[in-house]
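Written out below as structure tokens is the structure these notes cover.
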Amino acid sequence: MRTRPGICRRKARYASEEEALRVAEKAPFPLRPYRCELCRQFHLTSRTKGMRLPRFEIERRQAK
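Under the working numbering, the first residue of the sequence shown carries the number 2, and numbering increases by one thereafter.
Dropping the structure here:
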């Protein structure tokens with residue numbers, strides 16, 4: 002996933018994928034972390050089509 006510089010500057014940055022996953026798990030909608038090519042840190046995105054979903058999101062969907 003390519004992130005434009007303006008988008009990267011506006012998004013929250015997480016030092017590790019685990020930290021980003023903890024934040025994503027608390028969100029009321031599906032989010033997944035990805036490593037940004039610009040800043041080399043992790044951001045969250047709501048784009049999940051064709052992407053690997055975090056385990057907690059798979060479990061959340063199965064529980065419905």
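We put the CB at the ideal spot given by N, CA and C, even for glycine.
message = Can you tell me whether P34 is helix, strand or coil according to DSSP?
response = strand
message = Counting C-beta neighbours from all protein chains within 10 Å, is the total for P34 16 or more, i.e. buried, or is it exposed?
response = buried
key: Any beta strand (DSSP E) of 3 or more consecutive residues that is wholly inside the stretch 2–61   = 33–36, 43–46
request  = Have a look at R56 and R23 and give me their C-alpha separation to the nearest angstrom.
outcome  = 12 Å
query = Do A25 and L54 have their C-beta atoms closer together than 8 Å?
reply = no
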